[in-house]
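Visitor: Here it is, the structure, as structure tokens.
Numbering (full-length UniProt numbering), first residue to last: 1 to 260.
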């Protein structure tokens with residue numbers, strides 16, 4: 001991020017706060033719901049993706065560990081502590097996703113930035129239409145499961161925005177009380193693969209910008225914790241419809257008038 005104006009830095013900080021809020025409140029979507037806005041500020045996917053990846057590593061491990069500690073505390077009182085993570089299905093899904101994930105990583109590192117940006121905006125529009133129609137991706141067939149997991153792994157490899165596809169499958173097979181923390185462990189594993197590829201390819205991890213953007217994401221995380229507790233009890237359909245409409249607008253503008 002060079003040669004940006006002061007207000008662009010402000011916008012980037014706000015977007016990363018939004019990313020932290022979405023990630024913690026929903027359990028997924030911190031990348032897919034932030035990248036369209038970031039790319040409108042600066043069309044540099046390989047600048048923002050390492051920052052998002054580091055944030056995912058930090059917050060996913062933190063939230064999953066807190067979930068484990070909370071379960072252990074409750075279990076010590078009831079003498080019936082169980083894992084907050086579905087390790088059996090997690091291993092099964094990873095076997096399906098790992099090869100498409102690696103293929104996607106190679107695609108990100110070889111495609112021009114403008115092509116990658118167009119792909120990201122296109123994928124986000126598809127997700128957003130599902131939000132607006134209140135018909136998010138769902139899977140009830142094992143062969144559809146395989147396709148969605150493989151596609152989600154590939155998209156995750158290219159741009160870290162495969163979460164809606166992957167969640168559509170995990171939500172069917174993983175118990176509700178284990179879903180959020182299981183997803184965070186999966187994100188951690190997938191992002192580690194991504195980070196290794198960045199290091200091998202010599203991608204700049206933007207460590208200087210991590211210093212000021214991590215607190216922005218942390219503020220969003222704190223607000224997201226409160227929102228998560230509220231959303232467990234409230235109907236969030238309207239929120240997703242409005243969010244989907246905004247994402248369609250932003251992504252369409254990005255496709256028609258790509259940022260410089």
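Glycine included, C-beta positions come from ideal geometry on N, C-alpha and C.
On a predicted model such as this, the values are computed, not experimentally measured, just so you know.
1) Could you compute how far the alpha carbon of residue 172 sits from the alpha carbon of residue 141?
2) With DSSP as the reference, label residue 206 as helix, strand or coil.
3) Return the chain-ordered list of same chain residues with a C-beta closer than 7 angstroms to the C-beta of residue 76, the five sequence neighbours on each side being excluded.
4) Could you check what DSSP says for residue 248 in three-state terms: helix, strand or coil?
5) Sort 119, 179, 252 and 98 by Cα distance to residue 149 and report the nearest one.
6) Confirm, please, whether the CB-CB distance from residue 146 to residue 96 is below 8 angstroms.
7) Where does residue 112 sit, in a helix, a strand or coil, going by DSSP?
8) Mapping DSSP to helix, strand and coil, what is residue 28?
9) Can you list, in chain order, the residues of its chain whose CB lies under 6 angstroms from that of residue 194, leaving out five sequence neighbours each side?
10) Nearest to residue 164 by alpha carbon, out of 102, 131 and 196?
11) Checking 8 angstroms against the spacing of the C-beta atoms, do residue 100 and residue 13 come in under that value?
12) How would you call residue 200, buried or exposed, if buried means at least 16 neighbouring beta carbons within 10 angstroms?
13) Starting from residue 180 and walking both ways along the alpha helix (DSSP H), at which residues does that stretch end?
14) Which residues in the same chain have their Cβ closer than 6 angstroms to the Cβ of residue 251, if we skip the five residues on either side of it in sequence?
15) Does the separation of the CB atoms of residue 20 and residue 59 fall below 8 angstroms?
16) Got a sec? Which residues, its chain only, sit under 6 angstroms from residue 190 by beta carbon, not counting five neighbours each side?
17) Would you tell me roughly how many angstroms separate the C-alpha atoms of residue 16 and residue 167, rounded to the nearest one?
18) Residues in its own chain within less than 8 angstroms of residue 89 by CB, not counting five upstream and five downstream?
19) Roughly how many whole angstroms lie between the Cα atoms of residue 178 and residue 227?
20) Between residue 33 and residue 22, which are expected to be in contact by the criterion C-beta below 8 angstroms, what is the C-beta distance as a whole number of angstroms?
21) Helix, strand or coil for residue 305? Go by DSSP, reduced to three states.
22) In this structure, how does DSSP classify residue 145 when only helix, strand and coil are distinguished?
Guide: In this structure, then:
1) Here residue 172 corresponds to residue number 172 of the chain shown, with the count starting at 1. Here residue 141 corresponds to residue number 141 of the chain shown, with the count starting at 1. Distance between the alpha carbons of residue 172 and residue 141 is about 10 angstroms.
2) If you number the chain shown from 1, residue 206 lands on position 206. In the three-state DSSP reduction, residue 206 falls in the coil class, being neither helix nor strand.
3) Position 76 of the chain shown, counting from 1, holds the residue named residue 76. Note that residue 76 scores a pLDDT of 49, beneath 50, so its modelled location is shaky; the value from the coordinates is reported in the next line. Around residue 76: no qualifying Cβ.
4) Position 248 of the chain shown holds residue 248. Note: residue 248 maps to helix in three-state DSSP.
5) Reading the chain shown from its first residue, position 149 is the one you call residue 149. Looking at the Cα atoms, 98 is the closest of the given residues.
6) The sequence position of residue 96 within the chain shown is 96, counting from 1. The sequence position of residue 146 within the chain shown is 146, counting from 1. Contact: yes.
7) As a position in the chain shown, residue 112 is number 112, starting the count at 1. Here residue 112 sits in coil by DSSP.
8) In the chain shown, residue 28 corresponds to position 28, counting from 1. It is coil, neither helix nor strand.
9) For the purposes of this step, residue 194 is taken as residue 194 along the chain shown, with counting starting at 1. The beta carbon of residue 194 lies closer than 6 angstroms to those of 53 in the same chain, with the five residues before and after it left out.
10) Along the chain shown, one-based indexing puts residue 164 at 164. Closest by alpha carbon: 131.
11) Here residue 100 is taken as the residue at index 100 of the chain shown, counted from 1. Here residue 13 is taken as the residue at index 13 of the chain shown, counted from 1. Not a contact, by the Cβ cut-off of 8 angstroms.
12) Here residue 200 is taken as the residue at index 200 of the chain shown, counted from 1. With fewer than 16 Cβ atoms within 10 Å of its Cβ, residue 200 is classed as exposed.
13) For the purposes of this step, residue 180 is identified with residue 180 of the chain shown, where counting begins at 1. Per DSSP, residue 180 belongs to the alpha helix (DSSP H) from 176 to 201.
14) Taking the chain shown and counting its residues from 1, one reaches residue 251 at position 251. Here the set comprises 36, 121, 124 and 125.
15) By 1-based counting over the chain shown, the position of residue 20 is 20. By 1-based counting over the chain shown, the position of residue 59 is 59. In contact: residue 20 and residue 59 (Cβ atoms closer than 8 angstroms).
16) As a first step, residue 190 must be located in the chain shown, where it is residue number 190. For residue 190, where only same-chain residues beyond five positions count, the Cβ hits under 6 angstroms are 156.
17) Within the chain shown, the letter at position 16 stands for residue 16. Within the chain shown, the letter at position 167 stands for residue 167. Each residue's Cα considered, the two are about 22 angstroms apart.
18) As a first step, residue 89 must be located in the chain shown, where it is residue number 89. Excluding sequence neighbours, residue 89 sits near 170, 173, 174 and 182.
19) On the chain shown, residue 178 is found 178 positions in, with the first residue counted as 1. On the chain shown, residue 227 is found 227 positions in, with the first residue counted as 1. Spanning the two alpha carbons is a distance of roughly 19 angstroms.
20) Position 33 of the chain shown, counted from the start, is the residue given in the question as residue 33. Position 22 of the chain shown, counted from the start, is the residue given in the question as residue 22. About 5 angstroms separates the two Cβ atoms, so the contact holds.
21) Given a span of 1 to 260 for the chain in the structure shown, any question on residue 305 remains unanswerable.
22) Working through the chain shown from its first residue, we reach residue 145 at position 145. Residue state, collapsed to three classes: helix.
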